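Numbering (full-length UniProt numbering), first residue to last: 1 to 130. For every residue, glycine included, the Cβ atom is placed at its ideal position computed from N, Cα and C. In this text, all values refer to a predicted model and were calculated from it rather than measured experimentally.
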Amino acid sequence: MIQDGNCFFRAISHQLYRDQEDHVHIRFLTIQYLIQNINDFKCFIGRDDQIVQKYINRMTTTSTCADYIAITTTALALNKNIIIHETGNTSIFIHGSDFIEHQLHVYYDVQKLNYHSIICLDDTLPFLSP
1 MIQDGNCFFR AISHQLYRDQ EDHVHIRFLT IQYLIQNIND FKCFIGRDDQ IVQKYINRMT
61 TTSTCADYIA ITTTALALNK NIIIHETGNT SIFIHGSDFI EHQLHVYYDV QKLNYHSIIC
121 LDDTLPFLSP
């Protein structure tokens with residue numbers, strides 16, 4: 001994935017469509033979900049409306065890196081569980097769906113601060129069973 005601040009959204013786009021070009025649309029869906037459910041996230045962003053609006057404005061801007069709030073919001077907006085893999089660490093499961101088979105897998109390169117889409121050699125998506 002290109003290191004342009006959109007790498008998380010590019011990786012999710014690739015997981016869904018096998019193409020990273022829909023990253024802008026994925027970001028849009030994420031922000032729309034956040035705005036529609038802002039009361040669920042205010043305690044993580046800030047209770048002050050100006051702080052919340054600054055956060056929304058910042059995350060709306062392409063090239064802004066996804067943080068935990070944006071990743072969680074993306075999972076919920078897409079109704080997908082997002083599993084983040086890192087070398088040497090236990091995978092992080094971000095709940096977005098009640099169905100275990102609704103999984104998207106991304107790898108986070110801690111040294112390069114970059115997300116990548118994970119697919120199997122046969123071009124299928126990985127699956128983690130409970």
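Whole angstroms is fine: what's the gap from residue i's alpha carbon to residue j's?
i: VAL10; j: CYS43; result: Reading off the sequence, residue 10 comes out as Arg, not Val. Taking the straight line joining both Cα atoms gives about 27 angstroms.
i: ILE119; j: LEU113; result: 20 angstroms
i: ASP98; j: ILE51; result: 31 angstroms
i: ASN37; j: ARG47; result: 14 angstroms
i: ARG27; j: THR60; result: 7 angstroms
Tell me, to the nearest whole angstrom, how far the beta carbon of residue i is from that of residue j; I am working on the premise that it is less than 8 angstroms.
i: THR72; j: ILE94; result: 6 angstroms
If you compare alpha carbons, which of the options is closest to residue i?
i: GLU101; options: LEU113, ASN79 and TYR115; result: ASN79
i: PHE127; options: ILE84, GLY88 and ASP109; result: ILE84
i: residue 155; options: GLY88, PHE41, TYR108 and ASN81; result: Examination of residue 155 is not possible in this model, given that the chain is present from 1 through 130 alone.
Determine the DSSP secondary structure at residue i, reduced to helix, strand or coil.
i: HIS95; result: coil
i: HIS102; result: coil
i: ASN57; result: helix
i: SER63; result: coil
i: ASN39; result: helix
i: ILE119; result: coil
i: ASP109; result: strand
Apart from the five residues just before and just after residue i, which ones in its own chain have a Cβ nearer than 7 angstroms to its Cβ?
i: ASP4; result: SER63
i: TYR33; result: THR73, LEU76 and ALA77
i: ILE56; result: ILE31, LEU34 and ILE35
i: ILE45; result: ILE51, VAL52, TYR55 and ILE69
Does residue i get closer than 9 angstroms to chain C when you measure Cβ to Cβ?
i: VAL106; result: Although the question refers to chain C, the structure presented lacks it and comprises just one protein chain.
Between residue i and the rest of its own chain, which residues show a CB-CB distance below 6 angstroms, the 5 nearest in sequence each way excluded?
i: residue 169; result: It is not possible to answer for residue 169, since the shown part of the chain is limited to 1 through 130.
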